[in-house]
Amino acid sequence: MNREQLAGAWYVVRGKVQEQCGKLTDDHLHVINGRHTQLVGKVRQRYGKTREVAERDVDRWLETIDADATLR
């Protein structure tokens, strides 16, 4: 899944995001609303990672999600 697909499939993917990033609450997910930059920022904030590490981790995790299967 790429960044654009994240925004389009957010309501389907947000549960998977919360499973992966257990420190993110429903309120965080509501604010993120499918925006990659917001997701990276919240991961940085909640897990104490640098921007580069948080972005790498989020992008690697998103690559594991099959966007087509998620949208079915």
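Residue numbers (the working numbering): 982 to 1053. For each residue, glycine too, the CB sits at the ideal point set by N, CA and C. Quick caveat, the model's predicted, so the values are computed rather than measured.
Item, Value
"Residue 1015 beta carbon less than 9 Å from that of residue 987", "yes"
"Cβ-based burial, residue 1037 [other Cβ within 10 Å; buried from 16]", "exposed"
"Cα-Cα separation between residue 1018 and residue 1024, rounded to whole angstroms", "10 Å"
"Any non-hydrogen atom of the ligand FMN closer than 8 Å to residue 1005 Cβ", "Within the structure as shown, the ligand FMN is missing, as the structure has no ligands at all."
"Chain-order list of residues whose beta-carbon lies under 8 Å from that of residue 1046 (same chain, five-residue window excluded)", "982, 994, 997"
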